[in-house]
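Trainee: Take the position in the sequence shown, starting the count at 1, then add 2; the result is the number in our numbering.
Note that the Cβ used here is the ideal one computed from N, Cα and C, for glycine as well.
Got a structure for you, questions after.
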Amino acid sequence: MRRRDVRILDDAEALTRAAAEEFGRRVRERVEQAGFVTVALSGGSTPRGLYALLAEPREPAASLPWERIHLFWGDERDVPPDDPLSNFRMVRETLLSKVQVPADHVHRIRAEVGDAARAAWEYEQELRRFFGVAPGQVPPFDLVLLGMGADGHTASLFPGSDALRERERLVVAPWIEKLQARRITLTPPVLNGAACVLFLVHGADKAEALRAVLEGETFSGDDALPARSVRPAHGELIWLVDRAAARFLAA
Ligand code: 6PG
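Right under this line is the structure:
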């Protein structure tokens, strides 16, 4: 893994602006190189501001080549796409309803099948088909956006989950005890196969987990702190955090 890059921003708004700049730079670079770019989006509340800003940039020149972007999801709740809990619905409301992404470039996790394991299997087939990856290979996402919970979870990789030890599958559907629900999530090998992983973490409630992930002792392993299992093999790992979340980090 290349050097880890931790950037501390004043507040959530500054973090959102920094994330939009980083997102835009990488998207433009990759579209310039390859003609298209693949991005796995994060769910939760933190990225809402980013998606809204990307949809309505301050100046037209900052708008992105949406027709060249393929959007995927890092995880999804086990609910239909119009459910308030759906990560797809959140992205549709904040971004897809405002920019022109071709319908066949929106690769959502089809959780409405009512069987999370089947939804995970189907998504894995879509990833293998789109990226042309055979068993044993992982899709090379250009950019993966991630958040982190106060318990150190990321995507839907929660502490103690068997999904943390998955090395073959690309997508799994673990039961999350604390949520009493299943989730559908990309697995660590997929996250670690990305060219760039961009964590967005803000808020005082994340401060202890962030310290433990970035500076904590390693003996507890990744099971206790799933976000620590994200160490891209060849890609970049960038943490955009605000002061509140960074308050326990060594100066
Ligand atoms: C989800 C996300 C999840 C999220 C963290 C942080 O589906 O909710 O994948 O991993 O990034 O829970 O959530 P907040 O951004 O809401 O704090």
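Determine the direct distance from the alpha carbon of arginine 94 to that of proline 86, and round the result to whole angstroms.
Mentor: Proline 86 and arginine 94: Cα-Cα distance of roughly 11 Å.
Trainee: With DSSP as the reference, identify every bridge partner of threonine 40, one or two as the case may be.
Mentor: Note: threonine 40 sits in a beta bridge opposite His72.
Trainee: Taking only heavy atoms of ligand 1 into account, decide whether any of them is closer than 7 Å to the Cβ of threonine 189.
Mentor: Because no heavy atom of ligand 1 lies under 7 Å away, the Cβ of threonine 189 does not count as near it: no.
Trainee: Counting Cβ pairs, one atom from each stretch, are 3 or more of them under 8 Å apart for the region 222-239 and the region 192-211?
Mentor: Yes, the region 222-239 is in contact with the region 192-211.
Trainee: Can you grab the Cα-Cα spacing for the pair alanine 122 / leucine 181, in whole Å?
Mentor: Their Cα atoms are separated by approximately 18 Å.
Trainee: Rounded to a whole number of angstroms, what is the C-alpha to C-alpha distance between leucine 159 and serine 231?
Mentor: Taking the straight line from one Cα to the other gives about 9 Å.
Trainee: DSSP state of arginine 112, grouped into three classes?
Mentor: It is coil, neither helix nor strand.
Trainee: Arginine 6 by DSSP, collapsed to three states: which one?
Mentor: Of the three classes helix, strand and coil, the one that applies to arginine 6 here is coil, per DSSP.
Trainee: Following a CB-centred definition, is alanine 21 positioned closer than 7 Å to any heavy atom of ligand 1?
Mentor: For ligand 1, not one heavy atom lies less than 7 Å from the Cβ of alanine 21.
Trainee: Take arginine 233 as the anchor and find which of Val173, Ala248, Leu166, Val243 has the nearest alpha-carbon.
Mentor: Looking at the Cα atoms, Leu166 is the closest of the given residues.
Trainee: Should alanine 157 be counted as a contact of ligand 1 given a C-beta to heavy atom distance under 7 Å?
Mentor: Because some heavy atom of ligand 1 lies under 7 Å away, the Cβ of alanine 157 counts as near it: yes.
Trainee: What separation, rounded to the nearest whole angstrom, lies between the Cα atoms of glutamine 35 and phenylalanine 133?
Mentor: Between glutamine 35 and phenylalanine 133, the C-alpha separation is close to 17 Å.
Trainee: Which of the three DSSP states is assigned to phenylalanine 132 in this structure?
Mentor: Phenylalanine 132: helix per DSSP, three-state reduction.
Trainee: For the structure I just gave you, are there three or more beta carbon pairs, one from the region 64-74 and one from the region 104-121, closer than 8 Å?
Mentor: Because the criterion of three Cβ pairs below 8 Å is met, the region 64-74 and the region 104-121 touch.
Trainee: If you compare alpha carbons, which of Phe74, Ala253, Ala64, Ala248 is closest to threonine 187?
Mentor: Per the Cα distances, Phe74.
Trainee: I'd like to know whether the C-beta atoms of valine 140 and glycine 195 end up nearer to each other than 8 Å.
Mentor: Their beta carbons are under 8 Å apart, which means valine 140 touches glycine 195 by this criterion.
Trainee: Just confirm the distance between the C-beta atoms of arginine 28 and leucine 147, as a whole number of angstroms; I'd bet it's less than 8 Å.
Mentor: Arginine 28 to leucine 147, Cβ: 11 Å. No contact.
Trainee: Please tell me whether, using a cut-off of 7 Å, the distance from the CB of threonine 48 to the nearest non-hydrogen atom of ligand 1 is below it.
Mentor: It does: the Cβ of threonine 48 is within 7 Å (strictly closer) of some heavy atom of ligand 1.
Trainee: Who are the near neighbours of alanine 14 in its chain, counting only those whose CB is closer than 6 Å to its CB and skipping five residues on each side?
Mentor: His204, Asp244.
Trainee: Helix, strand or coil: which one does DSSP assign to threonine 48?
Mentor: Coil.
Trainee: Is glycine 162 near ligand 1, going by C-beta to nearest heavy atom under 7 Å?
Mentor: Checking the Cβ of glycine 162 against ligand 1 gives no.
Trainee: Rounding to the nearest angstrom, what Cα-Cα distance links histidine 72 and alanine 235 in this structure?
Mentor: Distance between the alpha carbons of histidine 72 and alanine 235 is about 22 Å.
Trainee: Can you name, in chain order, every residue of its own chain whose Cβ lies under 7 Å from the Cβ of tyrosine 53, other than the five neighbours on each side?
Mentor: Correct list, in chain order: Val93, Thr96, Leu97.
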